[in-house]
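Reading through the structure tokens given below for one structure.
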Amino acid sequence: MAKTKLVYFFGNKKAEGNADMRAELGGKGANLAEMTNIGVPVPPGFTISTDVCKMYYDNDRKYPKELYSDVATNLAKLERAFGKKLGAEDDPLLVSVRSGAASSMPGMMDTILNLGLNDKSVLGLAKKTNNPRFAWDAYRRFIQMFGDVAMGVPHEEFEKILSEAKARAGKKLDNELDTSELQEIVAKYKALYQKTTGTEFPQDPEKQMWHAINAVFGSWMNARAIKYRELNNIKGLKGTAVTVMAMVFGNMGNDSGTGVCFSRSPSTGENKFFGEYLINAQGEDVVAGIRTPEEISQLKKDNPKIYDELIKIRNNLEKHYHDMQDMEFTVQQGKLYMLQCRNGKRTGPAAVKMAVDMVGEKLITKEEAILRVEADQIDQLLHPMIDKDAAKQAGVIASGLNASPGAGCGKIVFTADEAEKLAKAGEKVLLVRKETSPDDIAGMAAAQGILTATGGRTSHAAVVARQMGKPCVSGVEAIQFSNGAITVNGKSYKQGEWLTIDGSTGNVYAGQIPTKEPQITGDFGTFMKWCDEIRNGSVRKVGKSTIKGFGVRANADQPDQAQAAFNFGAEGVGLCRTEHMFFDPAKLVYFQAMIASDTTAAREKALAKIMPLQKKDFSGIFDAMKGKPVIIRFLDPPLHEFIPKDEEGTRKVQQVLKEEGIDVSVETLTARFNSLKEFNPMLGHRGCRLTITYPEIYKMQTEAVTLAAIECKKRGISVRPMIMIPIVCEPTELATIRNECEAVITKIEKESGMKVAIEIGTMIEVPRAALLSGEIAKVADFYSFGSNDLTQLTFGFSRDDAGKFLDAYYHRNILGDDPFKTLDEKGVGKLMDMAVTAAREVKPEMHIGICGEHGGDPATIDFCYRVGLDYVSCSPYRVPIARLSAAQAVIRAAKAKKAAAKKTAAKKAPAKKPAVKTVKKAAQKKVAAKATKKAPAKKAAAKKPAATKTAKKAKK
Numbered sequence: 001m002a003k004t005k006l007v008y009f010f011g012n013k014k015a016e017g018n019a020d021m022r023a024e025l026g027g028k029g030a031n032l033a034e035m036t037n038i039g040v041p042v043p044p045g046f047t048i049s050t051d052v053c054k055m056y057y058d059n060d061r062k063y064p065k066e067l068y069s070d071v072a073t074n075l076a077k078l079e080r081a082f083g084k085k086l087g088a089e090d091d092p093l094l095v096s097v098r099s100g101a102a103s104s105m106p107g108m109m110d111t112i113l114n115l116g117l118n119d120k121s122v123l124g125l126a127k128k129t130n131n132p133r134f135a136w137d138a139y140r141r142f143i144q145m146f147g148d149v150a151m152g153v154p155h156e157e158f159e160k161i162l163s164e165a166k167a168r169a170g171k172k173l174d175n176e177l178d179t180s181e182l183q184e185i186v187a188k189y190k191a192l193y194q195k196t197t198g199t200e201f202p203q204d205p206e207k208q209m210w211h212a213i214n215a216v217f218g219s220w221m222n223a224r225a226i227k228y229r230e231l232n233n234i235k236g237l238k239g240t241a242v243t244v245m246a247m248v249f250g251n252m253g254n255d256s257g258t259g260v261c262f263s264r265s266p267s268t269g270e271n272k273f274f275g276e277y278l279i280n281a282q283g284e285d286v287v288a289g290i291r292t293p294e295e296i297s298q299l300k301k302d303n304p305k306i307y308d309e310l311i312k313i314r315n316n317l318e319k320h321y322h323d324m325q326d327m328e329f330t331v332q333q334g335k336l337y338m339l340q341c342r343n344g345k346r347t348g349p350a351a352v353k354m355a356v357d358m359v360g361e362k363l364i365t366k367e368e369a370i371l372r373v374e375a376d377q378i379d380q381l382l383h384p385m386i387d388k389d390a391a392k393q394a395g396v397i398a399s400g401l402n403a404s405p406g407a408g409c410g411k412i413v414f415t416a417d418e419a420e421k422l423a424k425a426g427e428k429v430l431l432v433r434k435e436t437s438p439d440d441i442a443g444m445a446a447a448q449g450i451l452t453a454t455g456g457r458t459s460h461a462a463v464v465a466r467q468m469g470k471p472c473v474s475g476v477e478a479i480q481f482s483n484g485a486i487t488v489n490g491k492s493y494k495q496g497e498w499l500t501i502d503g504s505t506g507n508v509y510a511g512q513i514p515t516k517e518p519q520i521t522g523d524f525g526t527f528m529k530w531c532d533e534i535r536n537g538s539v540r541k542v543g544k545s546t547i548k549g550f551g552v553r554a555n556a557d558q559p560d561q562a563q564a565a566f567n568f569g570a571e572g573v574g575l576c577r578t579e580h581m582f583f584d585p586a587k588l589v590y591f592q593a594m595i596a597s598d599t600t601a602a603r604e605k606a607l608a609k610i611m612p613l614q615k616k617d618f619s620g621i622f623d624a625m626k627g628k629p630v631i632i633r634f635l636d637p638p639l640h641e642f643i644p645k646d647e648e649g650t651r652k653v654q655q656v657l658k659e660e661g662i663d664v665s666v667e668t669l670t671a672r673f674n675s676l677k678e679f680n681p682m683l684g685h686r687g688c689r690l691t692i693t694y695p696e697i698y699k700m701q702t703e704a705v706t707l708a709a710i711e712c713k714k715r716g717i718s719v720r721p722m723i724m725i726p727i728v729c730e731p732t733e734l735a736t737i738r739n740e741c742e743a744v745i746t747k748i749e750k751e752s753g754m755k756v757a758i759e760i761g762t763m764i765e766v767p768r769a770a771l772l773s774g775e776i777a778k779v780a781d782f783y784s785f786g787s788n789d790l791t792q793l794t795f796g797f798s799r800d801d802a803g804k805f806l807d808a809y810y811h812r813n814i815l816g817d818d819p820f821k822t823l824d825e826k827g828v829g830k831l832m833d834m835a836v837t838a839a840r841e842v843k844p845e846m847h848i849g850i851c852g853e854h855g856g857d858p859a860t861i862d863f864c865y866r867v868g869l870d871y872v873s874c875s876p877y878r879v880p881i882a883r884l885s886a887a888q889a890v891i892r893a894a895k896a897k898k899a900a901a902k903k904t905a906a907k908k909a910p911a912k913k914p915a916v917k918t919v920k921k922a923a924q925k926k927v928a929a930k931a932t933k934k935a936p937a938k939k940a941a942a943k944k945p946a947a948t949k950t951a952k953k954a955k956k
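When the letters of the sequence shown are read in order and numbered with our numbering, they come out as residues 1 to 956.
What follows is the structure, encoded as structure tokens:
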């Protein structure tokens, strides 16, 4: 078995890694290697692989023995490449030690800069650069980062010393401090370090380096990194890599600087160079938001040579990676270095615009564009936006930078902990901070939006907000913090008061500003059209069935929901839950009267009052769907869910019954209602069991559906009604109910003189139904998987109670995902696969879909395509997400099929002829070699050693 390589070097325009090695080198290490290979100016360094991180945690936080020698070897290579020695007293090499996992986790893990400085090398650096202020500033920064990150010295204690020093000197910014003031700060930092750790600040550069490496590997399992992976569903990674790279300095004077830039706007997607920079600063000053930076366009005026070079690199990297690039750079005394590039995080609107633009620029294909946009990014485009008219009336109280688009409205909170706590209690909160840090990740996720007083569009707050799809306004200098409140232009706002931010404009408003619903137009409309072309053009061969297209329908119970679904691109209603209609006050009391009746005649009278109202509901949905299929699930919940909640409600039922000539006391009604309560209603008297007991319920619903369909047809509206019977577990159950429904349909058709095609099918939501699918299919026109109940019954978990214990299952790695959010392929999925196969054996053209909550989950949609479902159905506002996910499923399946075919072809391919030629050639050389031996005087004899060697190979 080959030995695992642990350390990879890059430098002098050559690297041992490349962009395809993200799993081993992390995103940062892989891209540094790639940039080095293509000639981008990158400081030399080496990357310790993610395999080491895995070994570190698998082996009780101990490294493999060979790592120490491998690091020493690569450090020596780095020193030779840069022409300096780590921590040398006269001209020291300083390095940064950075994290980098295969999936980008901005700011979540640790970094240490300026490593290699000590009490002696700081003097050498000051002398070599002829810039003592720079040297002592670098040492100050190093002690603070090293102490905080590697040794646990509280960051705020360092900040306190720094703030006091600036206050004494009467200075506002860090870069205004002079050399003597920085030397005083360094002395106090070292004293704090010794007091906190019990040891002096380490002077040995290699010991510093190993402490830093330990800290970065340790940060893989810090609380914020774990939370970030949980929030972003990042799983299956080995860990982080560690990159040790030569330092270059942006804080060496006004000919130096640092910045973060994007090849396109990560906020809007506009093809415009976007970024920020600071003169005489280091990278963390930009990212941390300590100072509000200049826009990158200003660099064109300040230093046109560097700007032009940066533009050239920006263009080359985007063409090389075929994606928008997020880049970090440093200018050291007029020389540009690139410190990082990666595919940039972006908002939903930006992701869609970039995808559409890049197809137009022939940078990527439509298929690549579709795979590039994530479901969560589409979700962002569906968020409400600020109503401009209402905003004008309210008036802007302050403005900042439009860091991440969208409307964010909530009660002011000042800490991440408070945001998380109040959000869990159901409050909408707005996180207001001077600047955010990686430790705020959970609070940022809980907030409706983020508002900061400092920082730019590339600050931590902005970058993380864009990735989360949260609105963010940063750099609002008008905000002043004091005593648990903020002051904005003279007016005070306390915690708990409402503010609204518009991340698209950077405006801040007092109170709650109304919002408007989004529209699928422009680039969004173009992109969704591509998704529809891909999924509707798909063809699958599953068993005996040929399935054309992959549809997306919506779960809609009311006409307005059906209209919203249609507007979002739904191709029909996959689930219309009729029980929601019964909760309408106009219907509820009559349904309660039906429940309370003890004769068929009385029940039919009560239901007759409901029928016209239900018919009107169905008619409205048919109108909205404009001829698209509408699957109507007949009454499903147990009857006790409909009983009156109090005596007043019971008296209203008594009055309805009295009007029908039925005299019954409140006490009798109460007793009758109480008798309906069940120990386990989910498995009780519900669904098709209700109509087996009370056939008149589904008969009334069938009448309403049929009459609504005929009414629509009379008005020239095309209809495709489909009746779905819930909770079937026995073929005869469905056959019995089907006969009763068809009798009603036939009767109405005869009376009206009009025919209407109504399909009758069932939900597969009981494991026994899945097992008997081949039998049930004989009496069903279609299936729809009710995945919520099928999951409950397969796992034996109550969906309403599982939240009490499922977290423990995730934390102990028993379950990877919430089975009520992402379908369990191994268990529930296996039942579905069996049911689909059995049904299609009986009816190859049978239409089968899914209508549970899983129908809007991207991973579940992918499974549904693979298992052979015709469509998925989800809530109206998830329809665009489902359209994207369905298209992605089609593309991934096609890729997998192509790869499998290629692999099969490679296995079947006969031995290549060139191999035979090589043997013949070797034999010819063997003869030639013998001939050479017989004629030593000829010139060919000079080649005897080579010929002899070849001949020996031929003999083998």
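We put the beta carbon where it would ideally sit given N, CA and C, even for glycine.
Residue range Y871 to C874 is occupied by the beta strand (DSSP E) that includes Y871, with no alpha helix (DSSP H) assigned at that position. The beta carbon of N18 is closer than 8 Å to those of A30, A33, E34 and N37 in its chain, skipping five residues each way along the sequence. Runs of the beta strand (DSSP E) spanning 3 or more residues and lying entirely within the stretch 89-147 occur at 95-101 and 111-115, in chain order.
With respect to the C-alpha of T347, the residue from A835, A375 and T650 having the closest C-alpha is A375.
DSSP places Y277 inside the beta strand (DSSP E), whose first and last residues are F274 to I279. In this structure, F642 is the residue among K227, L734, F642 and L115 with its C-alpha nearest to the C-alpha of K677.
In the DSSP annotation of this structure, D58 is not part of any beta strand (DSSP E); the continuous alpha helix (DSSP H) holding it starts and ends at T50 to D58.
The continuous beta strand (DSSP E) containing K335 extends over residues K335 to N343. Around the beta-carbon of G503, 16 or more other beta-carbon atoms lie within 10 Å, marking it buried. Judged by their CB atoms, T702 and I745 are nearer to each other than the 8 Å cut-off. According to the DSSP assignment, N402 belongs to the beta strand (DSSP E) that extends over L401 to S404.
Boundaries of the alpha helix (DSSP H) harbouring C741: P731 to S752, taken from the DSSP string. Contact annotation: the stretch 460-476 touches the stretch 398-417, with at least three C-beta pairs closer than 8 Å. The beta-bridge partner set that DSSP reports for H847 consists of F782.
Around the Cβ of H322, a 10 Å sphere holds fewer than 16 other Cβ atoms; the residue is exposed. DSSP places A76 within a helical segment (H, G or I) once states are collapsed to three. Residues of the same chain with a CB within less than 6 Å of the CB of E825, apart from the 5 flanking positions on each side, are F863 in chain order.
Assigned with DSSP and collapsed to three states, R799 falls in coil, not helix or strand.
By a beta-carbon distance limit of 8 Å, C531 does not contact A859. Their separation comes to about 17 Å.
Per DSSP, D376 is one residue of the alpha helix (DSSP H) stretching across A375 to L381. In the structure shown, the three-state DSSP call for Q393 is helix.
Per the Cβ contact rule, the stretch 257-268 is not in contact with the stretch 122-132 (fewer than 3 Cβ pairs under 8 Å). For the pair F550 and Y871, the CB atoms are nearer than the 8 Å cut-off. Taking 8 Å as the upper bound for CB-CB distance, I850 and L831 are not in contact here, some 12 Å apart. The Cβ-Cβ distance between T197 and V153 falls below 8 Å. Q208 carries a helical assignment under DSSP once its states are collapsed to helix, strand and coil.
Between I891 and E367, the gap from beta carbon to beta carbon is short of 8 Å. Counting only runs of 3 or more residues that sit fully inside the stretch 463-549, the beta strand (DSSP E) segments are 472-474, 479-482, 485-488, 491-494, 498-502, 507-510, 539-542 and 545-548, in chain order.
When the five nearest sequence neighbours on each side are left out, the beta carbons in the same chain lying within less than 8 Å of the beta carbon of K14 are those of T36 and N37, in order along the chain. Per DSSP, the unbroken alpha helix (DSSP H) holding I370 starts and ends at K366 to R372.
The Cβ-Cβ distance between N251 and A281 falls below 8 Å.
Y337 and I311 have their C-alpha atoms some 13 Å from each other. Cβ-Cβ separation between L499 and A485: approximately 12 Å, too far for a contact (criterion under 8 Å). Comparing alpha-carbon positions, the option among F634, A101, T693 and Y877 lying closest to I723 turns out to be F634. The C-beta separation of G827 from V867 comes to about 14 Å, leaving the pair out of contact by the 8 Å criterion. Residues S103 of the same chain have their beta carbon placed closer than 7 Å to that of I234, with the five preceding and five following residues left out of the count.
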